[in-house]
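What follows is a set of notes on a single structure, which appears directly below.
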Amino acid sequence: VLKFSTGGTKRPAIWIDLGIHSREWVSQATGVWTANKIATDYG
1 VLKFSTGGTK
11 RPAIWIDLGI
21 HSREWVSQAT
31 GVWTANKIAT
41 DYG
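If you're matching positions, the sequence shown starts at 1 in full-length UniProt numbering and goes up one per residue.
Shown next, in the form of structure tokens:
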């Protein structure tokens, strides 16, 4: 579970559910890429 927050204000949230099926490896890779993108571009 990851939480990206600057604190203080209430904003809409998103839930990204990954790795539900173990053989779908690309969903985990996409999650790591997405987390990096959010942290880099908006963090």
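Glycine residues also receive a C-beta, built at the ideal position from the N, C-alpha and C atoms.
In this text the structure is predicted, and so the values were computed from the model without any measurement.
Distance between residue j and residue i (C-alpha atoms, nearest Å)
i, j, result
"Asp17", "Ser27", "9 Å"
"Trp33", "Trp25", "13 Å"
"Gly7", "Asn36", "19 Å"
"Ser22", "Lys3", "23 Å"
"Gly19", "Ile38", "19 Å"
Three-way DSSP call (helix, strand, coil) for residue i in this model
i, result
"Trp15", "coil"
"Val32", "helix"
"Ile38", "helix"
"Ser22", "coil"
Boundaries of the alpha helix (DSSP H) in which residue i is found, first to last residue
i, result
"Lys10", "It is not in any alpha helix (DSSP H) - Lys10 carries neither H nor E in the DSSP assignment."
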